[in-house]
Amino acid sequence: MLLKGLALEISVYGNKGIRQMTDVDVLISRENCIRACKILLAGGFASLPVKSPFHKLIITYTGKHLPSLVKNGFSIEIHHDLFGTGKGDLTRVLYNNSIETEISNEKVFIPAAQIFFIYLVKHLNYHEMNNESQLRLYTDLVVLIEKLREEILNGYLIALADQAGISKVFACKLGLLREFWGISFPAQINDFIQKWNDPDSTGKFVFFLRSPKGNPPPDKAVPYRSTLREIPGIHRKIIYLLGDLFPSIHFMKKRYNCSSNLKALLYYPHRIGKLWYLIKPSHRGS
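Shown next as structure tokens:
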């Protein structure tokens with residue numbers, strides 16, 4: 058199943074090359090994603106390196122996609138999860154309600170509008186937590202509503218946002234679409250925005266427009282804790298932490314700008330500070 062930019066290009070941008078993309082994102086089940094990756098590797102793609110040998114042991118549980126695959130400047134990301142631990146039903150809803158279409162006479166699937174909208178808001182929030190927001194992620198939401206309003210803005214939308222665990226985030230994003238793009242919503246959704254919206258969200262968005270880059274998140278631990286929380290099973294969480302404490306030499310040389318393996322080894326004790334992300338009570342104001 059196609060995701061994000063390519064799915065939007067087909068579904069709402071008219072397949073005219075309007076939607077800028079840096080890579081192609083596809084959704085494949087956790088059971089089949091490794092097999093798909095091996096097929097692409099056999100076809101000449103190269104995988105970006107994994108941070109640690111420990112992470113290879115739980116590769117389909119760390120994050121929501123495998124390491125990017127690259128060939129001749131073309132990049133593919135194979136996603137195996139979209140909504141996080143305990144929310145697999147939503148990914149199945151996205152699978153089951155997908156829409157069949159064709160690209161160059163090949164059958165492909167794209168998400169149905171409403172569940173796709175929920176996913177894109179969650180994806181936007183993830184990027185904002187990591188200081189990677191882009192204005193086009195907001196305009197994607199605007200275009201989706203303009204093109205497929207009746208499919209998206211109905212009584213099921215709020216329930217899906219609640220099921221995805223993003224009610225507050227969702228209300229804030231809808232509030233911004235209403236305030237800055239003039240999107241109108243049914244009374245039920247306006248009441249939802251009123252209940253959950255954060256009054257500070259407008260000011261934060263204006264600040265982002267004025268200074269879109271170089272603004273670290275107020276709490277750097279939030280994205281890290283979120284990733285760790287989404288990994289199922291305490292044993293996998295421990296393996297993930299070990300991978301962060303003991304990355305590969307290749308990663309260490311690049312991360313700490315070391316020219317030799319020996320120098321990189323000296324930085325391993327420094328990695329223990331990574332655990333501070335998990336125990337430090339607050340990073341605000343730091």
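Residues 58 to 343 in this note's numbering are what the sequence shown lists, from first letter to last. Where a beta carbon is used, it is the ideal one built from N, C-alpha and C, also for glycine. A quick note: this is a predicted structure, and the numbers were derived from the prediction, not measured.
Check, Outcome
"List the endpoints of the continuous alpha helix (DSSP H) containing residue 196.", "192 to 209"
"May I ask you to report which of helix, strand or coil DSSP gives residue 137?", "coil"
"Please classify residue 332 as buried or exposed, where buried requires at least 16 neighbouring CB atoms within 10 angstroms.", "exposed"
"Can you tell me where the alpha helix (DSSP H) holding residue 2 begins and where it ends?", "The chain is shown from 58 up to 343; residue 2 falls before or after that span and cannot be answered."
"Could you tell me if residue 77 is buried or exposed, where buried requires 16 or more neighbouring beta carbons within 10 angstroms of its beta carbon?", "exposed"
"Pick from 228, 129, 75: whose alpha carbon is nearest that of residue 104?", "129"
"As a quick exercise: from 112, 317, 126, 281, pick the residue whose alpha carbon is nearest that of residue 95.", "126"
"For the alpha helix (DSSP H) containing residue 270, list its first residue and its last residue.", "Unbroken run through residue 270: none, as it is neither H nor E."
"In this structure, what does DSSP give as the bridge partners for residue 83?", "59, 135"
"Helix, strand or coil: how does DSSP classify residue 153 here?", "helix"
"Just how far apart, CA to CA, sit residue 177 and residue 270?", "21 Å"
"Apart from the five residues just before and just after residue 309, which ones in its own chain have a Cβ nearer than 8 Å to its Cβ?", "315, 321, 322, 324, 325"
"Kindly list the residues whose CB is nearer than 7 Å to the CB of residue 225, restricted to its own chain and excluding five residues on each side of it in sequence; keep chain order.", "253, 255"
"Can you tell me where the alpha helix (DSSP H) with residue 116 in it begins and where it stops?", "Per DSSP, residue 116 belongs to no alpha helix (DSSP H) and is neither H nor E."
"Am I right that residue 188 and residue 223 are in contact with their C-beta atoms under 8 Å? What's the rounded C-beta distance?", "No, residue 188 and residue 223 are not in contact; Cβ-Cβ is about 19 Å, not under 8 Å."
"Measure how close the beta-carbons of residue 110 and residue 305 come, nearest whole angstrom, since I'm counting them as under 8 Å.", "6 Å"
"Rounded to a whole number of angstroms, what is the C-alpha to C-alpha distance between residue 84 and residue 136?", "5 Å"
"Report back the beta-carbon spacing between residue 156 and residue 217 to the nearest angstrom; my notes put them in contact at under 8 Å.", "Contact doesn't hold; Cβ gap of about 17 Å is too wide."
"Which same chain residues end up closer than 6 Å to residue 115 when comparing Cβ atoms and leaving out the 5 residues on each side of it in sequence?", "293, 296"
"Residue 133 and residue 117 look like a contact to me (Cβ under 8 Å); what is the Cβ gap, rounded to whole Å?", "Incorrect: roughly 16 Å between the Cβ atoms, too far for contact."
"For residue 127, list the residues DSSP reports as bridge partners.", "103, 132"
"According to DSSP, is residue 165 part of a helix, a strand, or is it coil?", "strand"
"Go ahead and label residue 195 buried or exposed: buried means 16 or more other beta carbons lie within 10 angstroms of its beta carbon, across all protein chains shown.", "buried"
"Whose C-beta lies closer than 7 Å to the C-beta of residue 251 among residues of the same chain, with five residues either side of it excluded?", "none"
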